[in-house]
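S.K.:
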Amino acid sequence: MIVAGVSVPVVNSDGGERAAQSPELVSVTDETELWPYTSQKLGFEGRTLAINVVVYGDPATVQQHLKESSGGNWSEVTGNETDVDPVEGPANGTTTRWDVAGGATRYVYVVDPVRDSGAWLTESYQLHDGDYLGTRHHIRAYEAPREDEQWVAMQTHHEHWDWFRLRHTVDGTRDSQSRLEREFMDRPFVEDLSRTYVGNAKGSDADGWVTVIRLRSFGATALLAILAVPVLGRKRPTLDRDQVRWLRRGLLAGGLGGLYLGVRFGGIVAERLLPGVDPLTIAAVFYPVLFVGLPVWAFLFARKLSDGGAAVAAMSGFTGAVLVDYTYLQVQVLPLDTLVHRLALVVALGLVAVGGARMEWQDPDAGRWLRAGVLLWLLALGLPMLRFV
């Protein structure tokens with residue numbers, strides 16, 4: 149059983165002691181301890197998200213089940229260890245097919261206290277339910293490094309693809325943890341499913357509780373066998389000047405929203421239609437539509453509008469698309485840096501639209517508005533790209 153509260157000096161896989169750091173470890177088995185977080189680098193300072201699921205059983209069986217699983221319902225009882233009892237669900241259950249996924253490498257640290265040595269592990273595999281360029285539940289799985297141990301530690305979370313920063317933003321871990329629990333609930337090969345508090349409550353919305361799942365000792369062959377069962381045209385009216393002005397504002401706002409949402413849904417459709425193509429290749433094709441298309445559209449369709457009307461139309465159109473996008477992605481909370489980033493993009497498009505409107509009047513200040521908007525746009529989109537340099 150996974151046990152919390154162990155704090156010991158740890159060493160790198162090369163044997164050098166890390167005296168500066170003594171992280172909290174949890175006992176996965178009598179002979180293995182685990183730092184209950186993932187890291188983006190080979191060091192504890194790169195901590196990202198909390199490990200939130202540990203499955204005891206044949207690793208091949210665990211992976212096979214997730215690829216061909218169907219979930220059920222679960223319930224909690226209060227206490228230091230939370231038991232989750234199977235309850236009867238629909239006849240066919242709710243099916244989730246986890247697909248092989250790509251994603252950035254994250255490491256976990258395991259320690260053999262007997263040998264007084266530790267090592268960083270990379271993912272054994274990654275799975276997801278959803279779309280890389282949309283929204284998805286994402287699993288990183290880490291199998292036991294010792295051949296005489298059978299367990300899989302997992303970090304599961306929900307995330308969405310941020311087109312403006314070309315990376316995923318994590319929305320939370322709890323919903324994905326519950327979703328993964330349901331995949332093992334009411335399964336004939338599951339002996340026990342419970343939650344144990346280990347205190348790893350740092351990162352996203354982690355609450356320090358780890359789901360512990362024990363598979364029955366049927367043997368891999370028997371378990372795999374169980375898994376295998378079951379418009380008419382009409383005359384256009386004449387438009388007056390006010391209607392034309394509102395139409396132009398609508399084209400400006402709707403075009404910006406359409407370009408943004410077109411990239412989101414176009415990327416998802418392309419990813420599904422071209423499963424053999426790397427999602428980042430698809431992103432490279434669609435990204436110029438945002439980078440170049442949005443400010444160009446704001447500039448061109450702001451012409452013949454008042455500067456105030458152009459700014460309002462551009463900013464409201466883009467803001468509306470952002471809200472629709474996050475509603476579709478079911479994102480309820482955004483990090484502060486993401487909110488500031490989106491606000492900068494909204495202001496940049498508003499400045500570009502003002503520049504476009506004033507340039508139509510041959511206003512001598514038009515160039516300054518346009519340059520300010522373009523500069524802000526380039527800065528807002530360029531700064532997140534520095535991580536690739």
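Just remember that my numbering sits 148 ahead of the position in the sequence shown, which is counted from 1.
The beta-carbon is built from N, C-alpha and C at its ideal position, and this holds for glycine as well.
1) According to DSSP, is G237 part of a helix, a strand, or is it coil?
2) Compute the Euclidean distance between the alpha carbons of A198 and E271, then round it to the nearest angstrom.
3) Less than 7 Å between CB atoms is the rule here; does A198 satisfy it with respect to chain C?
4) On the CB-based measure, 16 or more other CB atoms within 10 Å of its CB, does V440 come out buried or exposed?
5) Based on Cα-Cα distance, which residue from Y255, D260, E331 and D513 lies nearest to D277?
6) Answer yes if the region 279-286 comes into contact with the region 248-263, meaning at least three C-beta pairs across the two stretches below 8 Å, and no otherwise.
7) Check whether the Cβ atoms of P184 and V417 lie closer than 7 Å to each other.
8) In this structure, how does DSSP classify D355 when only helix, strand and coil are distinguished?
9) If you run the structure through DSSP and keep just helix, strand and coil, what is Y474?
10) Measuring alpha carbon to alpha carbon, tell me which of T429, P336, K350 and Y204 ends up nearest E291.
11) Starting from E181, trace the beta strand (DSSP E) in both directions and tell me its first and last residue.
12) Leaving out five residues on either side along the sequence, give the residues of the same chain with a beta carbon under 6 Å from the beta carbon of G282.
13) Residues in its own chain within less than 6 Å of V360 by CB, not counting five upstream and five downstream?
14) Among the candidates T180, W246, A461 and H308, whose CA atom is the shortest distance from the CA of P293?
15) Anyone know if the C-beta pair for A469 and L400 falls short of 7 Å?
16) Could you pull out every residue in the same chain whose Cβ sits closer than 8 Å to the Cβ of G403, ignoring the five residues on either side in sequence?
17) Suppose the cutoff is 6 Å on Cβ atoms and the five residues either side in sequence are ignored; what does the same chain contact list for L409 look like?
18) Would you kindly work out how many angstroms separate the C-alpha atoms of V411 and V437, rounded to a whole number?
19) May I ask which residues mark the beginning and end of the beta strand (DSSP E) holding G266?
20) For E307, write down the residues that DSSP places opposite it in a beta bridge.
21) Going by DSSP, what residue range makes up the beta strand (DSSP E) through E339?
22) From Y476 to V338, what does the alpha carbon distance come to, in whole angstroms?
23) For S454, tell me which candidate among R393, L491 and Y474 has the shortest Cα-Cα distance.
24) Is DSSP giving M463 helix, strand or coil here?
25) With a Cβ-Cβ cutoff of 7 Å, do D353 and G320 count as a contact?
26) Cβ atoms of L314 and L214: under 7 Å apart, would you say?
27) Grouping DSSP H, G and I as helix and E and B as strand, with all else coil, what is S107?
28) So, with DSSP's three-state summary, where would you put W246?
29) Under a Cβ-count criterion, where at least 16 other Cβ atoms within 10 Å of its own Cβ denotes burial, should D206 be classed as buried or exposed?
30) Flag this pair as yes or no: are the beta carbons of H316 and V479 separated by less than 7 Å?
31) Could you give the distance in angstroms between the alpha-carbon of V522 and the alpha-carbon of L442?
32) Where do the N-terminal and C-terminal ends of the beta strand (DSSP E) with L197 fall, by residue?
33) Closest by CA to Q303, which one among L526, D323, E297 and F312?
34) Bridge partners for H489 per DSSP, in chain order?
35) DSSP three-state call for M507: helix, strand or coil?
M.R.: Taking the definition as stated:
1) Low local confidence applies: a pLDDT of 40 at G237 is under 50, so the model's placement there is unreliable, and no value is given.
2) Each residue's Cα considered, the two are about 14 Å apart.
3) This model lacks chain C altogether, as it is built from one protein chain only.
4) V440 should be labelled exposed.
5) Relative to the Cα of D277, the nearest Cα in the group Y255, D260, E331 and D513 belongs to E331.
6) A contact exists between the region 248-263 and the region 279-286.
7) No Cβ-Cβ contact shorter than 7 Å links P184 with V417.
8) For D355, the secondary structure class from DSSP, reduced to helix, strand or coil, is coil.
9) Of the three classes helix, strand and coil, the one that applies to Y474 here is helix, per DSSP.
10) Selected option, being the one with the closest Cα: Y204.
11) Note, E181: beta strand (DSSP E), T180 to L182.
12) Contacts found: I416.
13) Sequence-distant partners of V360 (beyond 5 residues in either direction) whose C-beta falls short of 6 Å from its own C-beta, in its chain, are I150, V202, S342 and T344.
14) Comparing alpha-carbon positions, the option among T180, W246, A461 and H308 lying closest to P293 turns out to be T180.
15) Taking 7 Å as the Cβ cut-off, A469 and L400 do not qualify as a contacting pair.
16) Within the same chain, Cβ atoms closer than 8 Å to the Cβ of G403 are found at W445, F449 and G465, the five residues on either side in sequence being excluded.
17) Excluding residues within five positions, the ones whose Cβ falls inside 6 Å are A469.
18) Rounded to the nearest angstrom, the two C-alpha atoms are 7 Å apart.
19) Start and end: S265 to L269.
20) R284 and V318, per the DSSP bridge assignment.
21) Segment V338 to N348, the beta strand (DSSP E) holding E339.
22) Here the C-alpha atom of Y476 lies approximately 34 Å from the C-alpha atom of V338.
23) Per the C-alpha coordinates, the member of R393, L491 and Y474 positioned closest to S454 is R393.
24) Three-state result, M463: helix.
25) Contact: yes.
26) Cβ atoms of L214 and L314: not closer than 7 Å.
27) No answer is possible for residue 107: it lies beyond the span of the chain, which begins at 149 and ends at 537.
28) It is coil, neither helix nor strand.
29) Flag for D206 reads buried.
30) Not in contact: H316 and V479 (Cβ atoms no closer than 7 Å).
31) Between V522 and L442, the C-alpha separation is close to 11 Å.
32) Residues R195 to A198.
33) Residue D323 is the option with its Cα nearest to Q303.
34) BP columns for H489 are empty, so no partner.
35) Secondary structure at M507: helix, using DSSP grouped into helix, strand and coil.
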